[in-house]
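Q: Here's a structure for you.
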Amino acid sequence: MDFTCPVETLQRHCIDLLVATGVSVKEAEMVTTILIDTSLEGIDTHGISRLPAYLSCLNEGRINAQPQIKIVKSGAVAKVDGDNGLGQLVSATSMSVALDLADEFGIGLAVTRRSNHFGASSYYCKIAAQRGMIGVVFTNAPPAMPPWGGKSAYFGTNPIAFGFPNAGFPVTADLASSQVARGKIILAAKEGRAIPLGWAIDKDGRETTDAQAAIAGGAVLPLGGAKGYALAMAIEVMTGILSGSAYGNEVGFIYDGNKEPADVSHSFIALDVSRIMPVNLFLERMDGMIGGVKSVPLADGADAIRIPGEKRYKTFQARMKGGIPIRSAVLNELRQIASTLGVKRLECS
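Per our numbering, the sequence shown starts with residue 1287, numbered consecutively.
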């Protein structure tokens, strides 16, 4: 069963929960903004549904509630040490650094280590696009996917995302290198739902529809077979290898009950469009391309041609008015945590 919660109510509740675990008000507001934005766009697997796990890790000390983020710049490149802070906080800081470097040099790269799960990659690309820049984001993740030809997990679902300025809404492409984002399987397991065949394998390497079996010793399958595996390895080089932090099956998983830091790493690239052409000309060319794409005749059975990011934009608008849907399992988790932390119970209809 789904419940619906007003945006402001949910936002205030998330801030209160984070502050109750030792996060500063300012940083709790930053993290909550990202979580709420992600849920507003309909990316429910990477938004509010992740908060219970973050709170558990904060409470246990597995995530640092008050990190001292360190930044070392060298020309257009920066190294960011997240001090094991919340992934959203570390990543928003890192993308801000990359954007500042792009302002100065035309392009900026921030390579980030000692971070955590940061939600949806597209959020940070959207920040770049809204500033008239192109954003590219990579992140590694805990082992969830086998190398092509293997039957046990080594690489994470390692997504890559792009964000492009656009007159209407930012054009954002965000895709995991796996057949599906692991968050969808985690949410299915939490709700006791089956998953489609072809998404994952169990611990014995057999395809499964059991979400719990896919998580407990199983693995998510690569996107496009060997192509997804190659993409995952490339992203691992751009994150875990390049940052000097954990890589491959060394990366921690915040759901495994371990007490050690996850040591997730990311890379953020910002490119100042104005260094190449006037931004208005870029927007005109984007508009021309989008018009051309939309004019292509529809295939049988298709109701529309959508631009990457368009569905998220429309979902955002609808949920801003009607509220954010929350699964009963997630709502119950939040209520239990609130009771433990002495925070007022979240009421949703």
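The C-beta atom is built at its ideal place from N, Cα and C for all residues, glycine as well.
1) Got a sec, what are the start and stop residues for the alpha helix (DSSP H) residue 1299 sits in?
2) Applying the 10 Å Cβ sphere with the 16-neighbour rule, what's the burial state of residue 1374?
3) Is residue 1568 near residue 1559, with beta carbons less than 9 Å apart?
4) Cutting at 7 Å between CB atoms, please list the residues of its own chain near residue 1380, excluding the five before and the five after it.
5) Would you please state the rounded distance, in angstroms, between the beta carbons of residue 1351 and residue 1309? I believe it to be under 8 Å.
6) Measure the Cβ-Cβ separation of residue 1288 and residue 1611 and say whether it is below 9 Å.
7) Using three-state DSSP, classify residue 1563 as helix, strand or coil.
8) Need the endpoints of the alpha helix (DSSP H) that residue 1311 sits in, please.
9) Could you check where the beta strand (DSSP E) with residue 1602 kicks off and where it finishes?
10) May I ask you to verify whether the region 1435-1447 touches the region 1525-1542, counting CB pairs closer than 8 Å and requiring at least 3?
11) Span of the alpha helix (DSSP H) holding residue 1468?
12) Quick check: what's the CA-CA separation for residue 1625 versus residue 1417?
13) Roughly how many angstroms lie between the CA atoms of residue 1313 and residue 1490, to the nearest whole one?
14) Does DSSP put residue 1635 in a helix, a strand or coil?
15) Three Cβ pairs or more, each shorter than 8 Å: is that satisfied between the region 1470-1488 and the region 1408-1416?
16) Please find out if some non-hydrogen atom of the ligand NAD comes closer than 8 Å to the beta-carbon of residue 1596.
17) Just the C-alpha distance for residue 1376 and residue 1370, rounded to the nearest angstrom, thanks.
18) Please go through the same chain and pick out, in chain order, the residues whose beta-carbon is closer than 8 Å to the beta-carbon of residue 1311, but skip the five residues on each side of it.
19) Note down, in chain order, each residue of its chain lying with its Cβ closer than 6 Å to the Cβ of residue 1433, except the 5 sequence neighbours on either side.
20) So, helix, strand or coil for residue 1568, using DSSP?
21) DSSP three-state label for residue 1523, please.
22) Counting along the chain, where does the beta strand (DSSP E) carrying residue 1400 start and finish?
23) Does residue 1454 pass the burial test, meaning 16 or more other C-beta atoms within 10 Å, or should it be called exposed?
24) Return the first residue and the last residue of the alpha helix (DSSP H) that residue 1501 is part of.
25) Buried or exposed for residue 1630, going by 16 or more other Cβ atoms inside 10 Å?
26) Output the boundary residues of the alpha helix (DSSP H) element that contains residue 1412.
27) Could you tell me the alpha carbon to alpha carbon distance between residue 1437 and residue 1499, rounded to whole angstroms?
28) Going by DSSP, what residue range makes up the beta strand (DSSP E) through residue 1616?
A: Let's see:
1) Taking the first residue of the sequence shown as 1, we reach residue 1299 at position 13. Residues 1293-1306.
2) In the sequence shown, residue 1374 corresponds to position 88, counting from 1. Classification of residue 1374: buried, given that the 10 Å Cβ count is 16 or more.
3) In the sequence shown, counting from the first residue as 1, residue 1568 sits at position 282. In the sequence shown, counting from the first residue as 1, residue 1559 sits at position 273. Taking 9 Å as the Cβ cut-off, residue 1568 and residue 1559 qualify as a contacting pair.
4) If you number the sequence shown from 1, residue 1380 lands on position 94. The answer, listed in chain order, is 1366, 1396, 1398, 1552, 1554.
5) Position 65 of the sequence shown holds residue 1351. Position 23 of the sequence shown holds residue 1309. Right, the Cβ-Cβ distance comes to about 5 Å (below 8 Å), so this counts as a contact.
6) For the purposes of this step, residue 1288 is identified with residue 2 of the sequence shown, where counting begins at 1. For the purposes of this step, residue 1611 is identified with residue 325 of the sequence shown, where counting begins at 1. Yes, these two residues count as a Cβ contact at 9 Å.
7) In the sequence shown, residue 1563 corresponds to position 277, counting from 1. When DSSP states are grouped into helix, strand and coil, residue 1563 belongs to the coil group.
8) As a working note, residue 1311 is residue 25 in the sequence shown. Counting along the chain, the alpha helix (DSSP H) containing residue 1311 begins and ends at 1311-1326.
9) Along the sequence shown, read from residue 1 onward, the residue named residue 1602 stands at position 316. No beta strand (DSSP E) holds residue 1602; the alpha helix (DSSP H) holding it covers 1596-1608.
10) yes
11) Numbered from its first residue, the sequence shown carries residue 1468 at position 182. Its alpha helix (DSSP H) spans residues 1468-1477.
12) As a working mapping, residue 1625 is identified with position 339 in the sequence shown. As a working mapping, residue 1417 is identified with position 131 in the sequence shown. Roughly 40 Å between the two C-alpha positions.
13) Walking along the sequence shown from the start, residue 1313 turns up at place 27. Walking along the sequence shown from the start, residue 1490 turns up at place 204. Using only the alpha carbons, I get a separation of about 43 Å.
14) Walking along the sequence shown from the start, residue 1635 turns up at place 349. Here residue 1635 sits in coil by DSSP.
15) The region 1470-1488, when compared against the region 1408-1416, does not touch it at the 8 Å Cβ threshold.
16) For the structure depicted, the ligand NAD is absent and the ligand set is empty, with no information on it obtainable.
17) On the sequence shown, position 90 is the one that residue 1376 refers to. On the sequence shown, position 84 is the one that residue 1370 refers to. Separation of residue 1376 and residue 1370 (C-alpha to C-alpha, rounded to the nearest whole angstrom) is 8 Å.
18) On the sequence shown, residue 1311 is found 25 positions in, with the first residue counted as 1. Excluding sequence neighbours, residue 1311 sits near 1301, 1305.
19) Here residue 1433 corresponds to residue number 147 of the sequence shown, with the count starting at 1. Here the set comprises 1440, 1515.
20) Locating residue 1568 in the sequence shown gives position 282, counting from the first residue. Helix, per DSSP.
21) Residue mapping note: residue 1523 aligns to position 237 of the sequence shown, counting from 1. In this structure, residue 1523 counts as helix in the three-state DSSP scheme.
22) Against the sequence shown, residue 1400 aligns to sequence position 114. Per DSSP, residue 1400 belongs to the beta strand (DSSP E) from 1393-1401.
23) Here residue 1454 refers to the residue found at position 168 when the sequence shown is read from its first residue. By the 10 Å Cβ count, residue 1454 comes out exposed.
24) Counted from its first residue, the sequence shown places residue 1501 at position 215. Where residue 1501 is concerned, the enclosing alpha helix (DSSP H) stretches over 1497-1501.
25) Indexing the sequence shown from 1 puts residue 1630 at position 344. The residue in question, residue 1630, is exposed, as its Cβ has fewer than 16 Cβ neighbours within 10 Å.
26) Along the sequence shown, one-based indexing puts residue 1412 at 126. Start and end: 1407-1416.
27) Residue numbering aside, residue 1437 sits at position 151 when the sequence shown is read from its first letter. Residue numbering aside, residue 1499 sits at position 213 when the sequence shown is read from its first letter. Those two C-alpha atoms are separated by around 14 Å.
28) Within the sequence shown, residue 1616 is the residue found at index 330, counting from 1. Per DSSP, residue 1616 belongs to no beta strand (DSSP E); it is in the alpha helix (DSSP H), 1614-1627.
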